[in-house]
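Working notes, structure below.
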Amino acid sequence: MRYAVLNGGKRVRPLLVYAAGEFAAASDSALDPIAAAVEYVHAYSLVHDDMPCMDDDVLRRGKPTVHVAFDEATAMLTGDALQAEAFRVLADASFEPQVGIALIRQLAHAAGTRGMCGGQAIDLAAVGRKMSAEELETMHRMKTGALLRAAVMMGAAAGRVRAPEQAALMQYAEAIGLAFQVVDDLLDAESTSAELGKTAGKDQKQSKPTYVSVLGAEAARRWAERLRCDAHEALASLGADARPRSARLAQLADLIVQRRS
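Encoded structure:
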């Protein structure tokens, strides 16, 4: 489990938790278990995603994947344990009961059939067949976007936000969640394995539909930039007074689109 969680990574999801929590004036002590839980779910998903029965990758964050470093049975159990640990961390935290229940519900929704797992199932079924841009967007709003949205909204839920602010944060989270995947598809097509820390070019080799294969690289780049602008516009709708509180969220939108790994 330590190998899966502590072997580097961008920590985008925990950063989003803290950035949204900063906007909502939440304390670090309230945000710590949320950030840990979200990252545990993300780490578990990578362990399972890398296994031979799914994406069959041997490299993650520049190191052998868990099933390569150990074995497939250990990888399966590691992922299972990380998922369980995510919900234990939330259950053991000292939230007000209604807040704790809401956080657990949000994470379960993001990780389950209507989120990450459902999106992964669509992804596996899509191998070798054509998808429209609309179908691709539906898949990635579930597979990738759901947990990124949860990171933002769970961080905000640890503090205080008004209904209009919640709506703006959701618009922001929808935009960055999709932008993250568009950039991932571009990086897979255009970067090296050394740059990515994982096997590059796998989507094309496995005949997976991506934003690059469906839209073309240049159109995908323009789409990622449009989504970045959408995220900034969502934050701008909160008004000038909210700008200092939302500054870190704005920075993360830029980071997600401009990253190189």
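Using this note's numbering, the first residue of the sequence shown is number 112, and each one after it goes up by one. Glycine included, every Cβ here is placed at the ideal spot set by N, Cα and C. Please read these numbers as outputs of a predicted model, since none were measured by experiment.
Collapsing the DSSP output to three states places Lys174 in a strand. The beta carbons of Gly226 and Leu258 sit closer together than 8 Å. Rounded to the nearest whole angstrom, the CA to CA distance from Asp234 to Val123 is 22 Å. Within the same chain, Cβ atoms closer than 6 Å to the Cβ of His159 are found at Gly190, the five residues on either side in sequence being excluded.
For Val152 against Gln217, the beta-carbon gap comes to about 11 Å, at or over 8 Å, which does not count as contact. Excluding sequence positions up to five before and after Arg356, its CB lies within less than 6 Å of the CB of Phe134, all in the same chain and listed in chain order. DSSP, read as helix, strand or coil, puts Gly223 in coil. Assigned with DSSP and collapsed to three states, Gln317 falls in coil, not helix or strand. Annotation: Arg171 to Cys340 spans about 30 Å, alpha carbon to alpha carbon. Counting along the chain, no alpha helix (DSSP H) covers Val169, and no H or E run does either. Taking a C-beta distance under 8 Å as the contact criterion, Ala311 and Val323 do not qualify as a contact pair. In the assembly as shown, Ser156 is a buried residue. Its beta-carbon has 16 or more other beta-carbons within 10 Å.
Secondary structure note for Phe291: its alpha helix (DSSP H) is the uninterrupted segment Ala274 to Glu301. Closest option to Met265, judged by alpha-carbon separation, among Asn118, Gln209 and Leu349: Gln209.
Cβ-Cβ distances below 7 Å link Ala269 to Gly132, Ala135, Ala137, Ala141, Leu142 and Ile145 in the same chain, with the five nearest sequence neighbours on each side left out; the list follows chain order.
Around the CB of Thr176, 16 or more other CB atoms lie within 10 Å, so the residue is classed as buried.
Using a 10 angstroms sphere on the CB of Arg260, the tally of other CB atoms reaches 16 or more, which defines it as buried. Burial is judged here by how many other beta carbons sit within 10 angstroms of a residue's own beta carbon; Gln292 has at least 16 and is buried.
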